[in-house]
Ligand code: AMP
Ligand code: TRP
């Protein structure tokens, strides 16, 4: 529902056939995204999700969340979790999210998320949740999936739906989760009346799946990452470990990462000039990554513990106010208010 903020704007009419056009104000899109505090970020996280988040936040209203309850599905170490939560706040600010504009907050500081997740859990079936990739992968590997992992998509749906989200910038592997959020919105709206907007994932094709040092998808679980906020030495070490195909004229795996940091024409000139010189090309890639990451790393290091606490306290308060407004409506619609 969008209120007309220009009530005095004249509506047009033509004689005989009454016609009135409602002039809607330009409304900012609402953005929501989240990261699990489950360890250090890699350049796949930055290029696939964070970079476009900061770009979209130039013109969208937004919330960026630290998904600490989602992380509990895998992480059982309180001091590591605490450290990672503060780390994600630093990451968001370092990549350019402005905490005065966007709301940076912890999922656990807004209990309305778990509250809504329960209501959504009661609307979906077990076979529906059994289709989730994260759950299926774990079962396929013969591992025990906990109930939190099984219902993960409904907590994520609650995260997104509580804030009337339009767009969810993420990497390709989160597409299914956003589809779940849309389905949950439809199921709720059908059962209880129009309440939730249907959100859309925002995935950039060129960086939907950033390759790792072995050419497969860059992922913590494959140990093929280039750390985003590692030292230059750590970045260098990771780049030097990129698997090169000694038969190829140009090292594919190096090129496929490099093309994400430099424009295509410059890059083909560089690769032509350095045919077969893998070390030189890797050195050039380190410098290109460093040019992007260096200033962000410096910003990250300047964020104090007190800054982190202040950002989370303020973000939590602002997020709770919005979430509670929505939940009051939801409680009323499902009938738990008497
Ligand atoms: P994760 O912590 O791996 O669940 O990822 C956090 C965010 O980064 C999600 O939006 C992912 O889709 C995105 N992401 C993770 N790995 C990659 C990758 N290799 N390429 C592109 N995006 C990624
Ligand atoms: N599942 C996301 C990931 O692992 C994290 C996440 C939780 C999220 N809630 C979200 C992302 C809501 C976008 C929107 O990366």
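In our numbering, the protein residues as written are 85 to 422.
Note that the Cβ used here is the ideal one computed from N, Cα and C, for glycine as well.
Quiz item: Is any heavy atom of the ligand TRP found at a distance shorter than 7 Å from the C-beta of residue 152?
Solution: One-based indexing of the chain shown puts residue 152 at position 68. Incorrect: residue 152 has no Cβ contact closer than 7 Å to the ligand TRP.
Self-check item: Cβ distance (whole Å) where residue 366 is taken to contact residue 326 below 8 Å
Solution: Along the chain shown, one-based indexing puts residue 366 at 282. Along the chain shown, one-based indexing puts residue 326 at 242. The Cβ separation is near 7 Å, so the contact holds.
Quiz item: For residue 135, is the classification buried or exposed, using 16 other Cβ atoms within 10 angstroms of its Cβ as the cut-off for buried?
Solution: Position 51 of the chain shown holds residue 135. Label assigned to residue 135: buried.
Self-check item: 7 Å CB neighbourhood of residue 408 in its chain, flanking five on each side removed
Solution: Taking the first residue of the chain shown as position 1, residue 408 is located at position 324. Cβ neighbours of residue 408 beyond the five flanking positions: 196.
Quiz item: What distance in whole Å lies between the Cβ atoms of residue 130 and residue 312, which are believed to be in contact at a cut-off of 8 Å?
Solution: The residue you call residue 312 lines up with position 228 of the chain shown. The residue you call residue 130 lines up with position 46 of the chain shown. Here residue 312 really is in contact with residue 130; their C-beta atoms are around 5 Å apart, less than 8 Å.
Quiz item: Nearest-angstrom Cα distance between residue 85 and residue 199?
Solution: Numbered from its first residue, the chain shown carries residue 85 at position 1. Numbered from its first residue, the chain shown carries residue 199 at position 115. Caution applies to residue 85, whose pLDDT of 36 falls short of 50 and renders its modelled position unreliable; the model cannot decide the point.
Quiz item: Considering only residues of the segment 175 to 221, which uninterrupted alpha helix (DSSP H) runs meet the minimum length of 4 residues and lie entirely inside it, listed in chain order?
Solution: Runs found: 196 to 205, 210 to 213.
Exercise. With DSSP as the reference, label residue 359 as helix, strand or coil.
Key: Within the chain shown, the letter at position 275 stands for residue 359. Residue 359: coil per DSSP, three-state reduction.
Quiz item: Going by the C-beta, is residue 117 closer than 7 Å to any heavy atom of the ligand TRP?
Solution: The sequence position of residue 117 within the chain shown is 33, counting from 1. The answer is yes for residue 117.
Exercise. Kindly list the residues whose CB is nearer than 7 Å to the CB of residue 406, restricted to its own chain and excluding five residues on each side of it in sequence; keep chain order.
Key: Along the chain shown, read from residue 1 onward, the residue named residue 406 stands at position 322. For residue 406, where only same-chain residues beyond five positions count, the Cβ hits under 7 Å are 247.
Practice problem: Quick one: using the 10 Å Cβ neighbour count with 16 as the cut-off for buried, is residue 274 buried or exposed? | Solution: Within the chain shown, the letter at position 190 stands for residue 274. Under this definition residue 274 is an exposed residue.
Quiz item: Can you name, in chain order, every residue of its own chain whose Cβ lies under 7 Å from the Cβ of residue 205, other than the five neighbours on each side?
Solution: Locating residue 205 in the chain shown gives position 121, where the first residue counts as 1. Taken in chain order, the residues that qualify are 235, 238.
Exercise. List the endpoints of the continuous alpha helix (DSSP H) containing residue 119.
Key: Taking the chain shown and counting its residues from 1, the one referred to as residue 119 is at position 35. Looking at the DSSP string, residue 119 is not in any alpha helix (DSSP H); the run it does join, the beta strand (DSSP E), is 114 to 119.
Quiz item: Straight-line CA distance for residue 305 to residue 165?
Solution: The residue labelled residue 305 in the question sits at position 221 within the chain shown. The residue labelled residue 165 in the question sits at position 81 within the chain shown. Inter-residue distance for residue 305 and residue 165 is about 18 Å (C-alpha atoms, whole angstroms).
Quiz item: Quick check: the segment 215 to 235 against the segment 271 to 286, are there 3 or more CB pairs under 8 Å?
Solution: no
Quiz item: In terms of alpha-carbon separation, which member of 293, 224, 148, 132 lies closest to residue 194?
Solution: The sequence position of residue 194 within the chain shown is 110, counting from 1. If we check each option's Cα against that of residue 194, 148 comes out closest.
Exercise. Flag this pair as yes or no: are the beta carbons of residue 203 and residue 190 separated by less than 8 Å?
Key: Taking the first residue of the chain shown as 1, we reach residue 203 at position 119. Taking the first residue of the chain shown as 1, we reach residue 190 at position 106. Taking 8 Å as the Cβ cut-off, residue 203 and residue 190 do not qualify as a contacting pair.
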